[in-house]
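Shown next, in structure tokens, is the structure this report addresses.
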Amino acid sequence: MSKKANIIIVEDEADILDVIEYNLSREGYNVRGYRDGERGLEAIREDHPHLVLLDLMLPGIDGLEICKKVKEDPVTRDIPVIMITAKTEESDVVLGLGVGADDYVSKPFSPKELVARVKAVLRRAPLKETVESKDRISVDGFVLDNIRHDLSIDGESIPMTATEFRMLHFLASHPGRVFSREQLLSKVVGSDTVVIDRNVDVHIRSIRKKLGETHRNLIETVRGVGYRFKY
Ligand code: CA
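In this text, residue positions in the sequence shown follow numbering that gives the first Met the number 0: the first is 0, and each later residue adds one.
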């Protein structure tokens with residue numbers, strides 16, 4: 000594994016959160032902790048981490064509800080979730096309710112056990128390539144070169160706007176994953192101050208036109224959700 004996973008932890012007990020953060024950071028993972036369920040869920044949707052550690056008992060929205068929401072949403076469904084439960088009985092609840100948690104650990108747990116569980120779950124769900132690591136994406140005559148900022152179709156270079164290029168590159172870097180219009184927009188706007196057309200559909204239409212009849216289907220519309228790049 001060349002790049003360490005991003006992990007979000009939602010745990011309201013500060014002491015436990017500290018212990019988890021410390022031990023996972025020491026393993027080289029990029030860790031972010033939240034003590035509030037609502038904010039944790041928001042961060043999961045925004046950051047799309049490689050793994051979520053979720054405490055069962057949280058004030059406000061509890062861990063089960065968060066897990067259900069993560070697993071129901073096509074955009075976040077593929078993120079593995081490990082539930083942290085206080086009692087062994089609760090482990091049965093987590094699995095029995097079928098909220099889709101990938102694993103659970105019961106408190107009290109040893110840091111060693113937790114790290115082992117995290118590693119095991121991540122192994123089952125290999126790290127998705129990140130945008131940064133994808134310099135060249137090539138599918139069937141479609142070649143996206145992120146270093147030269149160039150798209151070519153069957154050897155012919157296709158002029159694109161910066162926004163179109165970034166949107167296409169983001170989608171193509173995560174093949175098979177569905178992104179909402181809001182997510183696409185937040186990815187391409189980034190920290191730029193440049194004003195762009197916020198209508199994602201307009202950009203997608205233009206990109207498809209440039210991809211041409213042979214390759215326009217690489218971008219698939221997922222009704223009611225958003226868009227995805229086909230393999
Ligand atoms: Ca708790």
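Beta carbons: idealized from backbone N, C-alpha and C, even for Gly.
Helix, strand or coil at residue i [DSSP, three-state]
i: F228; result: strand
i: G211; result: helix
i: V74; result: coil
i: R31; result: strand
i: I242; result: Summary: the structure shown does not reach residue 242, with the chain confined to residues 0 through 230, and so no result is reported for it.
i: L57; result: coil
i: V9; result: strand
i: V80; result: strand
i: E26; result: coil
i: I14; result: A quick correction: the sequence has Asp, not Ile, at residue 14. Three-state DSSP puts D14 in a helix.
i: V199; result: helix
i: D102; result: strand
i: E41; result: helix
Selection from the options that minimises the alpha carbon distance to residue i
i: I60; options: E212, Y33, H148; result: Y33
i: V221; options: F108, A119, D144, P73; result: P73
i: G27; options: A42, P48, A13, N5; result: N5
i: R25; options: G223, K111, I146; result: K111
i: S151; options: V114, V120, S172, G211; result: G211
i: E37; options: I203, K68, L16; result: K68
i: G99; options: E12, V30, C66; result: C66
i: S205; options: T160, L40, V30, G223; result: T160
i: D77; options: E64, P58, E41, L121; result: L121
i: D139; options: G39, E41, R215; result: R215
i: A85; options: G97, G62, E20; result: G62
i: R197; options: R180, T213, H173, P58; result: R180
i: I136; options: V114, R123, I81, F164; result: F164
i: P58; options: V18, D35, S105, A115; result: D35
i: K118; options: V80, D134, D153, G97; result: V80
i: K133; options: H173, K3, A115, V9; result: H173
i: I104; options: D200, K229, V199, I15; result: The identity of residue 104 in the sequence shown is Val, whereas the question assumes Ile. Comparing Cα positions, the closest option is I15.
i: D46; options: F178, T213, E64, K208; result: F178
i: F169; options: L143, E71, I157; result: L143
beta-carbon residue i near ligand 1 non-hydrogen atom, thresh 7 angstroms
i: M56; result: yes
i: D17; result: no
i: D11; result: yes
Entirely within the region 107-176 and at least 4 residues each: give me those alpha helix (DSSP H) ranges in chain order.
110-123, 161-172
If contact is defined by three or more beta carbon pairs under 8 angstroms, each pair taking one atom from either stretch, is the region 139-147 in contact with the region 41-54?
no
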